[in-house]
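What follows is a single structure, written as structure tokens, with notes after it.
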Amino acid sequence: MNIRIRQARPEDLPSIAALEAACFPAAEAADSAAFEQRIKTFPESFFVAEVEGQIVGMINGCVTDDETISDILFEDSSRHHPDGRYQSIFGLDVLPDWQHKGIATILMTYLIHKAMDSGREGLILTCKERLISFYESFGYQNLGVSASTHGGAVWYDMLLAF
Ligand SMILES: CC(C)(COP(=O)(O)OP(=O)(O)OC[C@H]1O[C@@H](n2cnc3c(N)ncnc32)[C@H](O)[C@@H]1OP(=O)(O)O)[C@@H](O)C(=O)NCCC(=O)NCCS
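Residue 1 is where the sequence shown starts when you use UniProt numbering, and the numbers rise one by one after that.
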């Protein structure tokens with residue numbers, strides 16, 4: 001399997017929106033307008049995984065001085081501080097047919113190295129309970145239940161401090 005990781009581009013929007021819809025329930029999925037804004041605001045931390053030209057996965061998030069993710073961070077692009085302390089992760093998605101092949105691990109590892117190279121203090125994300133151990137395998141610590149109620153779900157704050 002030949003996987004290529006590259007920055008997302010505006011013309012990827014239809015594939016990106018379809019990937020998100022395949023991975024998340026409607027209440028939690030970001031829409032095309034949100035992704036358009038993210039690509040415009042932080043292209044340097046929005047990556048897709050391609051196999052033979054098909055987008056099969058993605059990882060993205062703004063850079064912030066906040067130590068945890070709040071719902072406002074998703075909505076307010078002015079909170080992206082290119083020189084901020086933490087790389088956040090808004091989304092990590094892999095198409096169902098391509099899951100369990102290590103693609104999310106490749107994307108996460110790629111962004112962790114980018115964050116290190118950029119001099120960040122670490123990475124932050126929120127996840128559901130079932131994925132806590134997946135993120136702990138990269139060195140993330142579980143900080144407990146998040147203030148985020150995104151999509152009406154219960155989320156956990158995860159921090160990977162360098
Ligand atoms: C979570 C997700 C990104 C993982 O993608 P992936 O490419 O399958 O992950 P990897 O192959 O790198 O996973 C490596 C290991 O992590 C663990 N893991 C991966 N997905 C998991 C899941 N959904 N639940 C529990 N453990 C999981 C497993 O131990 C897995 O090993 P295995 O494939 O031998 O079972 C993918 O399942 C997905 O897109 N899910 C829907 C969207 C989502 O929930 N994203 C996370 C938002 S916080």
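Just so it is clear, CB atoms sit at the ideal spot from N, CA and C, and this is done for glycine as well.
Predicted model, so just to flag it, every value in this text is computed and none were measured.
Please state if the CB of residue j and the CB of residue i are separated by a distance shorter than 7 angstroms.
| i | j | result |
| --- | --- | --- |
| Asp97 | Leu19 | no |
| Gly61 | Ile39 | no |
| Gly122 | Leu160 | yes |
| Asp65 | Gly84 | yes |
| residue 164 | Phe42 | Any question about residue 164 goes unanswered here, given that the chain covers just 1 to 162. |
| Met108 | Phe134 | no |
| Ala27 | Ala21 | no |
| Gly53 | Ile103 | no |
What three-state label does DSSP hand residue i in the structure shown?
| i | result |
| --- | --- |
| Ala26 | coil |
| Gly91 | strand |
| Arg85 | coil |
| Ile124 | strand |
| Gln99 | coil |
| Ile132 | helix |
| His150 | helix |
| Ile69 | coil |
| Phe138 | coil |
Provide the residue(s) that pair with residue i in DSSP beta bridges, ordered along the chain.
| i | result |
| --- | --- |
| Ala21 | According to DSSP, Ala21 bridges with nothing at all. |
| Tyr110 | DSSP, once it has assigned bridges, lists no residue as partnering Tyr110. |
| Tyr156 | Cys127, Val145 |
| Arg4 | Glu50 |
| Ala161 | Gly122 |
In chain order, what are the residue ranges of uninterrupted alpha helix (DSSP H) at least 4 long that sit wholly in the region 39 to 66? Segments of the alpha helix (DSSP H) lying fully in the region 39 to 66: there are none.
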